[in-house]
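Undergrad:
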Amino acid sequence: MDAKKPKESLIISTDQVLVNDLNNYNTLFGGVLMKKLDNSATLSARRHARVKECVTASTDSIDFLNPVHQSDSVCVESFVSYTGNRSMEIFCKVIAEDMITGRRRMAATAFLTFVALDENKQAVPVPDVIPQTEEEKFLYESGEERAQTRRVRRKHSKQLTDIIGLEKPWEKGEYLYGENISQFG
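According to the UniProt record's numbering, the sequence shown is numbered sequentially starting from 1.
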């Protein structure tokens with residue numbers, strides 16, 4: 001399997017910001033942006049692995065750096081920045097551009113991890129990455145550290161699921177907001 005350059009998985013998607021995309025502060029809903037990031041990152045992962053399906057394994061971080069307003073366009077750029085054997089880290093950056101003034105600013109950055117699947121929904125090996133630019137090299141060289149952080153976080157999440165329960169609080173007779181809710185049912 002031949003290694004690939006990050007630019008081979010590059011996806012660039014630009015949209016206008018619509019009134020339905022805005023929260024009560026008249027800025028882009030974080031969830032709307034998260035959907036845009038996931039869509040773009042999915043295409044980058046599929047383009048890199050050249051498979052029909054890739055699934056999101058994790059969203060490591062989304063750092064909201066500057067608000068996005070209705071007068072802005074929102075441009076999401078994504079590409080594969082690091083790979084494991086069967087996983088791909090996708091780096092996303094979001095650039096907001098004021099359509100009136102032309103002023104551009106970094107609105108957000110994010111790291112998402114994807115797994116490529118075969119026709120039987122089984123994880124398959126993915127090509128390695130050959131970074132070219134200074135940005136790509138920085139992301140690649142720091143990728144193993146982020147991968148290790150993901151492994152620690154995943155282990156912690158698995159431990160947590162062994163501890164937390166699925167019971168409804170009112171079925172356990174626990175207190176909610178200082179009141180014993182079993183008295184209501």
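All C-beta atoms in this analysis are idealised placements derived from N, C-alpha and C, irrespective of residue type, glycine included.
All of these numbers come straight from a predicted model, not from anything done at the bench.
Leaving out five residues before and five after P125 in sequence, what residues of the same chain have Cβ atoms less than 7 Å from its Cβ?
TA: Result list for P125: M1, N85, R86, in chain order.
Undergrad: Would you kindly work out how many angstroms separate the C-alpha atoms of D72 and D98, rounded to a whole number?
TA: Cα to Cα, the separation comes out at about 4 Å.
Undergrad: D162 by DSSP, collapsed to three states: which one?
TA: helix
Undergrad: So P127 and A3 are in contact, right, with Cβ under 8 Å, and what is the actual spacing, rounded?
TA: 5 Å
Undergrad: Just verifying my parser: in three-state terms, what is the DSSP assignment at F29?
TA: coil
Undergrad: In terms of residues, what are the limits of the alpha helix (DSSP H) holding K137?
TA: 134–141
Undergrad: Along the chain, where does the beta strand (DSSP E) that runs through D72 open and close?
TA: 72–83
Undergrad: Return helix, strand or coil for K52, following the three-state DSSP convention.
TA: coil
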